[in-house]
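Have a look at the structure below, then the notes.
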Amino acid sequence: MSSDASIIVLSFQIALVATGVTLPVGMLIAWLLARKQFHGKFALDVFVSLPLALPPVVVGYALLWLVGTHSWFGSLGESVFGSTLAFTWIAAALAAAVVSLPLVVRSFTAALAGVDPRLEVAARGLGSGSFRTFFTITLPLAYRGVIAGALLGFVRALSEFGATIVVAGNIPGRTQTIPAAIFTRISAGDSDAAWRLTIVSILLGVMALATHNWLLKLSSTVSRDSSEVG
Amino acid sequence: MISFDLRIDRRGFSFDVSGQFDEGVTAVFGPSGAGKTTLLNCLAGSMRPDSGSIEIDGENVYSSADGIWVRPEKRRIGTVYQDGALFPHLSVRRNIDFGWKLVPAEQRRLDPLEIVELLGLSDLLERMPSELSGGERQRVAIARALAISPRLFLLDEPLASLDVARKGSILNYLKRVHDEFKIPMVYVSHSVTEVVSIASHAMLIRDGSVLGFDRPSALLLTAALDGSSVERFENILHGVVGESTDQLTTIEIDRISISTRHQNKNPGEKVVVSLGANQIILAPSEPNQLSARNVLKGRVKEIWSSNGKVFAEVDVGPEIIVELTESALNELGISVRSDVFLIFKSSSVDVFDA
């Protein structure tokens, strides 16, 4: 059995990589949903949110098919990493990313919706391209919501179990995350060891959610203050 | 100089506006929903029309025929919005610098320091937008738009959220800006009085098309005759401030003088006076014991009617147009060349700096 510390470190590694993926991808999708009108917007929204409505096992099974050697994505992964991605920590990170993406996109969309689009129009008129406008106006005004959303995505990635176990397995030292280890320990009847990781999970969850809520409360009072003056 | 020809055809909204704006100040007015803001958005590039063209100083920034569409950030058109739209996370200084920094050095014609000075913002540079009053915000918004050395200056109801005193002061700043920098200005407003004191041309828009394009006072007359497009006809008179008491200020116009509410102005200052045609009472003989402070004797030069309204042009020194009803006209027995008296309250007169 792996030590608690190594399980926690591996879980953080997987969740961080997953968040590293969902942050830019989620931001791009949220920006499209909040600011652009295009064909297929509805479909994109549904597709991104789908993992919220599906059993994680189904998501994991779909990912297993995707990273398998018979899909182009799978063969691409195989040629890059030298072997199939299935049952590696990268697959675990991918599963965590897919499952946390809807939460991230939703949080980011709400954060972007809180920024007055006329400020972006004003910035464009002052000579700032859409890229610069996003980084100098939109993001600074939405950053609390963005950090809160990233945090939410991170804890969701940390607690991912169903999809991960299908696509990455439960291999100690390689793909065994905190939830998977708790499952193994419960199955083995080792309730003391299971409780240790359970308490770690609860602590991490409480901390992350408290910070998340504090950030959102902060950003809503800030925007209310400025609207009162205006 | 900017010329444009813009067409939009969408369900429930059709827009077909063309024209040419030169160095002066052009007022665009009309009722809400007329398409004033659509015009500004198309010029600024935040909205793309279905077809047409826009040319600024000989450069095509939009041509549907040639497939040209210059993005807003490449147009160098300064826009001032109704509530300023200042960036709330940036100080006044950084708001003003925002666009200035993005203009290539060889295209910078205006110095931000000079702009800041002209708009009286020197002491506010380190403040955040939330710490500014409404009037200060608008001045910062004007400075920010000027800092990009715009080829065209668009003002979208810039005074709508301000009180009367602040309106006057912002108008003064705009006049200074125009005198100093000679940038063509397009000033959109639903309020006619606001615009007349600074505009050299006026464009009247309704239901997405141009009803008139002329000198402001001439166009106001058209608007009044048209009836529904403008709520009332304004007489616009140029005068000079005379004596003031605690409550009243006298304005000298040609050979006559009229009383207005007390103005914080010095004798001799030039002003523009606006007086609604429907604010004036017409009497066939001299009234006595009235609360109204202004009674002017004159002679009717012309009478005409339009859309159920009757207008009389009365020569009292300057010529003043009075709106009245058909029945009143008949009962009073007033006709062309009748001697009449015009009566109006001092509070019916709006005074602007010339």
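Protein chains in written order, with our numbering: chain A, 1 to 230; chain B, 1001 to 1354.
Just so it is clear, CB atoms sit at the ideal spot from N, CA and C, and this is done for glycine as well.
None of the values given here were measured: they were computed from a predicted structure.
How big is the Cα-Cα spacing for B/Pro1284 and B/Ile1321?
16 angstroms
List, from N- to C-terminal side, the beta strand (DSSP E) runs of 3 residues or more that fit wholly inside the segment 1101-1125 of chain B.
none
Does the beta-carbon of A/Ala188 have 16 or more other beta-carbons within 10 angstroms, so that it is buried, or is it exposed?
exposed
Bridge-paired residues (DSSP) for B/Trp1069:
B/Tyr1062
If you draw a straight line from the alpha carbon of B/Ser1335 to that of B/Ile1303, how long is it in whole angstroms?
7 angstroms
Assuming contact is defined by CB atoms lying nearer than 9 angstroms, are B/Phe1004 and B/Glu1055 in contact in what I supplied?
yes
Keeping to the same chain, check which residues put their C-beta closer than 6 angstroms to that of B/Thr1038; ignore five residues upstream and five downstream.
Phe1015
What residues in the segment 1079-1090 of chain B have a beta carbon less than 9 angstroms from any beta carbon of chain A?
Thr1079, Tyr1081, Asp1083, Gly1084, Ala1085, Leu1086, Phe1087, Pro1088, His1089, Leu1090
Could you tell me whether the Cβ of B/Val1103 comes closer than 9 angstroms to any Cβ of chain A?
yes
Can you give me the C-alpha to C-alpha distance between B/Arg1151 and B/Gly1078, rounded to a whole angstrom?
8 angstroms
Return the Cβ separation of B/Ile1170 and B/Leu1159 in integer angstroms, given the expectation that the two are a contact with Cβ distance under 8 angstroms.
6 angstroms
Could you tell me the distance, in whole angstroms, from the CA atom of B/Val1092 to the CA atom of B/Gly1012?
41 angstroms
Burial state of A/Arg224, where buried means 16 or more other Cβ atoms lie within 10 Å
For A/Arg224, the predicted structure reports a pLDDT of 46, less than 50, and the residue's modelled location is therefore unreliable. A value from the coordinates is still provided. A/Arg224 should be labelled exposed.
On the DSSP bridge list, what partners appear for B/Tyr1187?
B/Ala1027, B/Leu1155
In whole angstroms, what separates the C-alpha of A/Asp116 from that of B/Lys1297?
55 angstroms
Status (buried if at least 16 other CB within 10 Å, exposed otherwise) for A/Ser100
buried
Skipping 5 residues on each side, what residues in its chain have a beta carbon closer than 7 angstroms to that of B/Lys1182?
Glu1023
On the three-state DSSP scale, how would you describe B/Ala1160?
coil
Against chain B: residues of the segment 105-124 of chain A by CB proximity under 9 angstroms:
Asp116, Arg118, Leu119, Val121, Ala122, Ala123, Arg124
According to DSSP, is B/Leu1290 helix, strand or coil?
coil
By the three-class DSSP mapping on this structure, what secondary structure does A/Met27 have?
helix
Would you tell me roughly how many angstroms separate the C-alpha atoms of A/Gly114 and B/Arg1137, rounded to the nearest one?
21 angstroms
Spatial neighbours of B/Glu1269 in its chain, beta-carbon cut-off 6 angstroms, leaving aside the 5 residues before and after:
Val1241
Going along the chain, which unbroken runs of the alpha helix (DSSP H) with 4 or more residues stay wholly within the segment 65-138 of chain A?
72-81, 89-113, 117-125, 130-133
Integer Cβ distance of B/Phe1352 from B/Gly1168, believed to fall under 8 angstroms:
6 angstroms
Determine whether the beta carbon atoms of B/Glu1059 and B/Leu1102 lie at a separation below 9 angstroms.
no
Check whether the Cβ atoms of B/Pro1031 and B/His1190 lie closer than 9 angstroms to each other.
yes
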